[in-house]
Structure formats: structure tokens, C-alpha cells
Amino acid sequence: MSAPAPAPVAATEMLLEVNNIEVVYNDVILVVRGLSLAVLKGEIIALLGANGAGKSTTLKAISGLLKTEEGEVTRGEIRFAGERINGIDPHLIVRRGIFQVMEGRRIIADMTCLENLRLGAFTRSDNQVKSDIDMVYGYFPRLKERTGLAGYLSGGEQQMLAIGRALMARPKLILMDEPSMGLSPLLVKEVFGIIQRINRELGVTILLVEQNARMALSVASYGYVMEQGKVVLDGTAAALADNEDVKEFYLGGHGAERKSFRGLKSYKRRKRWL
Amino acid sequence: MLLPLILNGLIVGALYGVVAMSFVLIYKASQVVNFAQGEFLLVGAWVCWWFLTDWQMPFWMGFLFTLAFMTCFGIILQVVVLRPLIGEPVISVIMATVGLSIFFQALMKWIFGVFAKPFPPIFSAQSVDILGLQVQPVYLLSLGISLFIMAGFGWFFTASKHGLAMRATAFDQQVAQSLGISVPKVFAMSWAISAVVSAVAGVVVGVVNGVSSALSFYGIKVFPAVILGGLDSVVGAVLGGLVIGVLENVAQYVDAEWLHWGNMYAIAPFYALVIILMIKPYGLFGTRNIERV
Ligand SMILES: Nc1ncnc2c1ncn2[C@@H]1O[C@H](COP(=O)(O)OP(=O)(O)O)[C@@H](O)[C@H]1O
Ligand SMILES: [Mg+2]
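So the sequence lines, in the order shown, correspond to chains A and B.
Be aware that the first sequence starts at 1, since it is given in full-length UniProt numbering, and climbs by one per residue.
Be aware that the second sequence starts at 1, since it is given in full-length UniProt numbering, and climbs by one per residue.
In C-alpha cells, the structure reads:
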């Protein structure tokens, strides 16, 4: 918090480019249809949308984890740091610098915090793993006190561990899937504060998937809104936060999610008639 | 009277524990129930015997060559036989390992004959005195090697990054991949380590009793041990092995003294197996899932 925020690297450098991709599960279920987005180096980009819009699928397409779920990018192209990465095995994509923090945190419950963190550094062979563990503890001091199994951590702590584990890989890009899920408003604030610090202080680019649009737009510079496998709206975070449709359906306040989900359908219809 | 029985049981039981650990390793990492575990001992012992007799190698050299051979053996088995079966029904995989078991038993008989052959003498047979018991040095060595392997497993799974990767793969393959771990490599590594460790046990038994198809039987003895300990617990495998080792010795003694049912040494572990399955199907240390908060 006290550290002066160094300006992110040349804000025009393209890090990730998704061009018109189509994703199919089990050879038949078409889930993402013609989605494009761009992520510039050093930024936090928000990917918003209701449950089932295809946000997680999009992240898995980028990280290659789609392969582990019988999914496939059947059309279009994903470029990372200038190179095409479609179809590459997920463990090799991690080595290229993309790390996905999956929905539901997915920490390894029968290992300790420390073991989880060390596993985050699996792809590394340098000798700075120890100092990076201290760096992670710097961001999440309460993890340091937890010596038991990670499965016994609270939801917030598990989310912190999942983010800390991602940092251990020293990625260029973190794909973060719903970090606020299941956390109390206070914890959400804390976690998002740290996401912002990580981005500023470590220069890690972040593609942030969220249902909590208000929170996501407060840390992002640019955002995309997804619906039924397509981007239906994009713009700067400020513009999206001001957009009437976004306000109505995504910023409707807490506890209104169910209601807005129904409303969403008419939103879709409206969009289509346009 | 009971003390030598128990000591003997612990020495043999430690070996069971080692074989059981290497069985659990494969099961945990790749969810394969390996019915050919005993043949790892058999192949390892015969190959080592071959290096020592036909090639006249000194023991340490033949032993190292055996370890190298078994590393390749484990990897090749996994890649050629089991990798294509990933995603196939469990029963197909089980039949494949049963097939491997039969195949290697027959192959070893075909190459090396059906009679037990002794290893060239490695240690003086001078027995040592421990707690008033006369113990042969090979038995002490056997116990030492077992303990060394167990410590090695402990180190591997908690301190080495590949051990952690193996545990991660056992926990959740998708998560493992998201961390940059290659699951096929982990599978191959688990088979290689398992084959090597079992071969060490095979050589130890071979040095003590000579090499013969009886070595395969260790692969069967593993089942009561791992069922007792829990199929997916390495610590349980060790304890299960020790218990079974002691149990068969004590059972034999009880049988010889009082029961006179005969052959208790070989059968008692399986009585135990049935009883365990009835009262505690997940074993003493089998997975209890930790609920997410
Ligand atoms: N592994 C899968 N196999 C088949 N269909 C899937 C799979 N994962 C997700 N889907 C479907 O794809 C759609 C989008 O899912 P997802 O990407 O998880 O959405 P979001 O993350 O935006 O909530 C949903 O309709 C879901 O049912
Ligand atoms: Mg999702």
C-alpha cells in the first residue's frame, strides 16, 4: 500500500489477443461463438457476464485447460506474446507465462499452504522460490500463520492461497475466475485490493472474470460483457460503469442477482433486434 | 519364543511394506490397480542375478544396472501398455495388469528356468547377536534397506517438487495441469519409481532365499497390506505390511502349537483381508475427504 506504483510497461504492447474463437465441448456443444478480445500488457481487463455466458470457457480456451474437459477451440486464433497458442497442452502454456486461477479456488486440500505455494513454482528452476514465498506472505500475511492442511482454510484464505500460488509461477498473465465467489463483502474488498497491488507492483497483467461487475470495474481499465458465448459490449471500465444497460443488469446492487438474471433475457432480446 | 517370531515378522513385514508402498504409488498417481507388482520383484531379481552370474559383475555394479533397467522397464510398461488404456473402463486396465503378471511370470520361467537359483554369496553368513537373538546380516541389511526406502519416500513426497507434483496429480489432475505439471510424465515416473523400488525388494529377497517364481507371491501379499492400510495411503501401506508380516508369523506359530489347520503362514493374511473388508472397507488410513469450508 505504501509502495509507489510504478507506471505499467508501455501500455500499448499487446499481450493476449483472442480472435473470433469458437469453442465446442464434446464435439457438439457450441459454447463460445466468435469471441474476440485483447489484453494489453500491464492492465487489468474485466470479463463480465451472467452465469453460463461462457466466461470460464473462454479462460480455459486461453489456458488450454479446455483440453481436460473434452473442449476444443474449433475456429479462430489465440495469440500470446505474438505467438499462436491454440491447442497447446495446458502444462506448456503455464511455462509460457499464462496461469489460470480456476473458479472455486481449487487449492490442494490435503497439502499445507506452503506445499501449495511450492507447487505454484513447479515450472521454475531458479533459486528464488524461497524469497518469492516470502513475497507472497508479504501480500497475504495471514497465510503464513496457517500451518495445517489447506483444506481447513476459510474461503477467503483459500482464495488468497490460490492467488499466491499463481504468483509463485511468476506468470506474465493471470486468468482469474471469479475471485469474489462466496466471499463476504469485506473480504471481496480485501482480495480486490491485493489484486490491484499485484498488478501495479509486480506488473502482472490480469484478465479478470467476475459476476461482481461493480468490484471488477473498479479495478479494471477496460471491460468486456459476454452473453451466450459472445461479447455484446465492451469499453473502458468507466464507460461500462456508466452504461445504462450494464447498470441495470449487472450493477443492480447486491442480492438482486437472481432477478437480474431473468431481466437479462429481455436484454438479450433487445440486443438481437438491434 | 515370541520375540524372534515378531522380529522375523517385522523384517519380512518391512519388505511387504516397501512393496505395498510402491503399489500404492501407482494406484495413487494413476488409479491403476497393479496386479503385476509381484512380477516387478521377480523381473528385478532375475535381471540382477543375470548381471551378477552371466556377466560376472561386482554386486554394486549389477545392482545399479538393475535399477537403471527397471527404470526403463517401468516407463516402457506405462507408456506402451497403460497409456493407451487411459479413459478405458477400470476392468480393462485390471485385465491388462493381470495379463502383464502372467506374461512376465511365463517369460521369466522361459528365460531362467523353473528352479530357484541362489545369488552369489555377498555377505559372510556370520550371524550377529541382537537382544540375545542370532540374526543373519542379510536380514539386518534387508531391514536397513526397507527403512531407507521408506525414509526416501517420505522425503520424496514432502520435500521434492516431483513428489509434490505426484501428490497434486493424485488429488486432482486438472489442477495439476493448471500448475504446469505434465500428467503423462507423472504417470510414467510413478511406474518407474514403483518398478525400481519393488526390484530392490526383489533383490533383497533373492539374496536371502534365492531367485524363483515364489517372488511373485509378494505381489499378492501386498493386497492384505494395502487393504489394511487403505489403498491410497503410503503410511498405511508401511504399517499394513508390518502388521501382515507379524501376523503371518504369529499365525503360523499359533497354528503349529494349537490349531493344526495347516498352511496358516500363507493364508492368515487373507483371512485378515476378508475381515478388514467387512469392518473397515477403506482401511485404517484410507481417504477421508476434507470438506471445503
Ligand atoms: N465441460 C463442459 N462440458 C459441456 N458443457 C459445458 C462444460 N463446461 C461448461 N459447459 C457449458 O458451457 C456454458 C458456459 O459455461 P461457463 O463457461 O462455465 O460459463 P460462465 O463461466 O460464464 O458461468 C454453460 O452452458 C455450461 O453448461
Ligand atoms: Mg464460470
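Think of the CB as a built atom: it goes at the ideal place given N, C-alpha and C, for glycine as much as any other residue.
Extent of the continuous beta strand (DSSP E) to which residue i belongs
i, result
"Gln134/B", "133–135"
"Phe99/A", "98–101"
"Met226/A", "222–227"
"Asp234/A", "230–236"
"Gly71/A", "71–80"
"Ser36/A", "29–40"
"Glu88/B", "No beta strand (DSSP E) holds Glu88/B; DSSP gives it neither H nor E."
"Leu48/A", "44–49"
"Val33/B", "Careful: Val33/B lies outside any beta strand (DSSP E) and carries neither H nor E."
"Tyr25/A", "14–25"
"Thr205/A", "205–210"
"Ile130/B", "128–130"
Proximity test, Cβ basis, 8 Å: residue i and chain B
i, result
"Pro185/A", "no"
"Asp242/A", "no"
"Ala169/A", "yes"
"Ile108/A", "yes"
"Ser56/A", "no"
"Gln211/A", "no"
"residue 307/A", "Outside the displayed span of chain A (1 to 274) sits residue 307/A, for which this structure offers no information."
"Ser131/A", "no"
"Pro179/A", "no"
"Gly148/A", "no"
"Arg118/A", "yes"
Residue of the options minimising C-alpha distance to residue i
i, options, result
"Ala192/B", "Leu140/B, Glu248/B, Asp172/B, Ile26/B", "Ile26/B"
"Leu215/B", "Trp46/B, Gly13/B, Leu7/B", "Trp46/B"
"Val243/B", "Ile227/B, Gln37/B, Phe40/B", "Ile227/B"
"residue 276/A", "Thr123/A, Gln100/A, Gly156/A, Val188/A", "As displayed, chain A neither begins before 1 nor continues past 274, which places residue 276/A out of reach and without an answer."
"Ile276/B", "Ala225/B, Gly163/B, Leu2/B", "Ala225/B"
"Val79/B", "Glu248/B, Ala188/B, Pro118/B, Ser92/B", "Ala188/B"
"Asn26/A", "Glu83/A, Glu72/A, Arg197/A", "Glu72/A"
"Glu17/A", "Val31/A, Asp89/A, Ile98/A, Leu65/A", "Ile98/A"
"Thr123/A", "Arg197/A, Arg165/A, Leu183/A", "Arg165/A"
"Tyr271/B", "Leu247/B, Leu259/B, Phe65/B, Val98/B", "Leu247/B"
is_contact[residue i, chain A] using C-beta, thresh 8 Å
i, result
"Val235/B", "no"
"Gln174/B", "yes"
"Lys28/B", "no"
"Ser146/B", "no"
"Ile11/B", "no"
"Lys161/B", "yes"
"Ile167/B", "The sequence given here places Arg at residue 167/B; Ile does not occur at that position. Taking Cβ atoms only, chain A reaches closer than 8 Å to Arg167/B, which makes this a yes."
"Ser127/B", "no"
"Gly180/B", "yes"
"Leu164/B", "yes"
"Gln177/B", "yes"
"Phe223/B", "no"
Status (buried if at least 16 other CB within 10 Å, exposed otherwise) for residue i
i, result
"Trp60/B", "exposed"
"His91/A", "buried"
"Leu47/A", "buried"
"Met1/A", "Residue confidence for Met1/A is low, a pLDDT of 46 falling below 50, so the modelled location carries little weight and cannot support an answer."
"Thr169/B", "buried"
"Lys67/A", "buried"
"Phe115/B", "exposed"
"Phe192/A", "buried"
"Phe103/B", "exposed"
"Asn199/A", "buried"
"Glu69/A", "exposed"
"Asp132/A", "buried"
"Ile93/A", "buried"
"Ile113/A", "Correcting the residue identity first, residue 113/A is Cys in this sequence and not Ile. Its Cβ being crowded by 16 or more others within 10 Å, Cys113/A is buried."
"Ile181/B", "buried"
"Val101/A", "buried"
"Ala256/B", "exposed"
"Glu178/A", "buried"
"Cys72/B", "exposed"
Residue interval of the alpha helix (DSSP H) (run including residue i)
i, result
"Arg214/A", "213–219"
"Ala201/B", "183–209"
"Leu5/B", "2–30"
"Tyr139/A", "129–139"
"Met176/A", "Premise fails: Met176/A lies in the beta strand (DSSP E), 173–177, not in any alpha helix (DSSP H)."
"Asn116/A", "113–120"
"Val81/B", "No alpha helix (DSSP H) holds Val81/B; DSSP gives it neither H nor E."
"Ile88/A", "From DSSP, Ile88/A is part of no alpha helix (DSSP H); its letter is neither H nor E."
"Phe223/B", "217–229"
Cβ of residue i within 8 Å of any chain E Cβ
i, result
"Thr74/A", "Looking for chain E here will not work: the only protein chains present are A and B."
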